[in-house]
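Below: one structure, written as structure tokens.
Numbering (the numbering used here), first residue to last: 44 to 396.
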């Protein structure tokens, strides 16, 4: 998969990023596909340029603008305290569906849905039970399990980046939370499934949303893990993961990315693969449902079976990865898809940290 390159976006002082503009509007119950749809997106405080789910959501909006004639807008809050005001601003201006990007929007979306019952809302990575909210969640543990299989096998292979004598791998999470635990649990389960005697080092960057935008701490954690023998480190830490890539390049060990194919956005770093999380597809499909009058509230789950989660190609390291590893990954994916294997979502299922 090629990297997602976002077009230049104009950010005005209130941090509003507009799409095509215009005064078209749509009602929450409208079914006329010719009505100009005005979808709105509020990113988390990581903002645009995160090479993660904020950029993916923006990409999904742009696809809807191009293919569906939507007239969208993106708001970038400065602090979590701005979430409610940003959502309300879009709803009051006739935008819908209005998306909150990330689980930190749970309270703000819940309140906005009550305040604007005729507006459709969408939230990524959380569930809000309301008649005008669609909750777009991902089975991140499935893709993480596959990366664990890759890490657990590759750490046993002698390469320029791995030393089979150590059998140590690592996981760096962003904010300590049930969501990020899903990434880490699936990864650890995958590692131990192919390397029961492997050691999995596990650490979060922090306990607040700032943990997703702290590459300095990401670097420190990665360097410390490598000093303990970790030669494959997977992150689910947003922009903090940029620190991992820098250290992996300097100290020469494999990194595994998240959300997008981070080998494309970090071409000089030894990024072995990435877990692709198709937030862009989820946003575009929700907007499309709005245009067709088929939008519905409730939970929509995306995973390996419906291409909402996938593993990026090995790219420049394809020749380094043995066929036996590729076969093991394919077998694990098939078992997850057919239901014979369930990826773990909590560390308790895999023996804790």
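Ideal placement from N, C-alpha and C gives every residue a C-beta, glycine not left out.
Excluding the 5 residues preceding and the 5 following residue 396 in the sequence, name in chain order all residues of the same chain whose CB lies nearer than 7 Å to its CB.
Taking the chain shown and counting its residues from 1, one reaches residue 396 at position 353. For residue 396, where only same-chain residues beyond five positions count, the Cβ hits under 7 Å are 245, 390.
Which of the three DSSP states is assigned to residue 264 in this structure?
Mapped onto the chain shown, residue 264 falls at position 221. DSSP places residue 264 in helix when its eight states are reduced to three.
In angstroms with no decimal places, state the Cα-to-Cα distance between residue 198 and residue 114.
The residue given as residue 198 occupies position 155 in the chain shown. The residue given as residue 114 occupies position 71 in the chain shown. Those two C-alpha atoms are separated by around 48 Å.
Using CA atoms only, rank isn't needed, just tell me which of 210, 189, 145, 84 is closest to residue 370.
As a first step, residue 370 is located in the chain shown; it is residue number 327 there, counting from the start. Nearest C-alpha to residue 370: 189.
Three-pair Cβ contact test at 8 Å for the segment 97-107 versus the segment 126-135
no
In its own chain, which residues sit with a C-beta less than 7 Å from the C-beta of residue 151, not counting the 5 before and 5 after it?
Translated into the one-based positions of the chain shown, residue 151 becomes position 108. Cβ within range, chain order: 126, 127, 130, 143.
Look up residue 249 in the DSSP assignment and say whether it is helix, strand or coil.
Translated into the one-based positions of the chain shown, residue 249 becomes position 206. Note: residue 249 maps to strand in three-state DSSP.
Starting from residue 88, trace the alpha helix (DSSP H) in both directions and tell me its first and last residue.
Position 45 of the chain shown, counted from the start, is the residue given in the question as residue 88. First-last for residue 88: undefined, no H or E at that position.
Looking only at its chain, what residues have a beta carbon closer than 8 Å to the beta carbon of residue 333, apart from the 5 residues adjacent to it on each side?
Residue numbering aside, residue 333 sits at position 290 when the chain shown is read from its first letter. These residues qualify, in order along the chain: 69, 80, 82, 139, 140, 163.
Cα separation between residue 75 and residue 326?
In the chain shown, counting from the first residue as 1, residue 75 sits at position 32. In the chain shown, counting from the first residue as 1, residue 326 sits at position 283. Confidence at residue 75 is low in this model, with a pLDDT of 39, below 50, so the placement of that residue is unreliable and no value is reported for it.
Quick check on the DSSP output: what are the complete alpha helix (DSSP H) runs of length 4 or more inside the segment 143-217, in order along the chain?
149-158, 183-197
Checking the sheet assignment: what are the DSSP bridge partners for residue 320?
Indexing the chain shown from 1 puts residue 320 at position 277. In the DSSP output, where bridge partners are listed per residue, residue 320 has 352.
Among the residues of its own chain, which have a CB less than 7 Å from the CB of residue 123, if the five just before and after it don't count?
Numbered from its first residue, the chain shown carries residue 123 at position 80. So the qualifying residues of the chain are 88, 147, 252.
Can you tell me whether DSSP reads residue 131 as helix, strand or coil?
For the purposes of this step, residue 131 is identified with residue 88 of the chain shown, where counting begins at 1. Here residue 131 sits in helix by DSSP.
Test item: CB-CB of residue 286 and residue 240 under 9 Å:
Here residue 286 refers to the residue found at position 243 of the chain shown. Here residue 240 refers to the residue found at position 197 of the chain shown. It is not a contact, given that the beta carbons lie outside the stated cut-off.
What do you get for residue 119, buried or exposed, if any count of 16 or more other CB atoms within 10 angstroms of its CB means buried?
Position 76 of the chain shown, counting from 1, holds the residue named residue 119. Buried, because 16 or more other Cβ atoms sit within 10 Å of the Cβ of residue 119.
Quick one: grab the DSSP three-state call for residue 312.
Numbered from 1 along the chain shown, position 269 holds the residue referred to as residue 312. Coil.
Segments assigned beta strand (DSSP E), at least 3 residues, entirely inside the segment 269-315
273-279, 297-302
Enumerate in chain order the residues of its own chain whose CB-to-CB distance from residue 311 is below 7 Å, with the five nearest sequence positions on each side excluded.
Mapped onto the chain shown, residue 311 falls at position 268. Contacts found: 292.
When the Cα atoms are used, what is the spatial distance from residue 184 to residue 209?
Taking the first residue of the chain shown as 1, we reach residue 184 at position 141. Taking the first residue of the chain shown as 1, we reach residue 209 at position 166. Each residue's Cα considered, the two are about 25 Å apart.
Under 6 Å Cβ to Cβ from residue 225, same chain only, skipping five residues before and after it: list those, please.
Here residue 225 corresponds to residue number 182 of the chain shown, with the count starting at 1. Closer than 6 Å at the Cβ level, and outside the excluded window around residue 225, lie 183, 184, 388.
Straight-line CA distance for residue 73 to residue 112?
Against the chain shown, residue 73 aligns to sequence position 30. Against the chain shown, residue 112 aligns to sequence position 69. Summary for residue 73: the model assigns pLDDT 35, below 50, so the residue's position carries little reliability, and this model does not support an answer.
Element boundaries [beta strand (DSSP E), containing residue 343]:
Against the chain shown, residue 343 aligns to sequence position 300. Note, residue 343: beta strand (DSSP E), 341-345.
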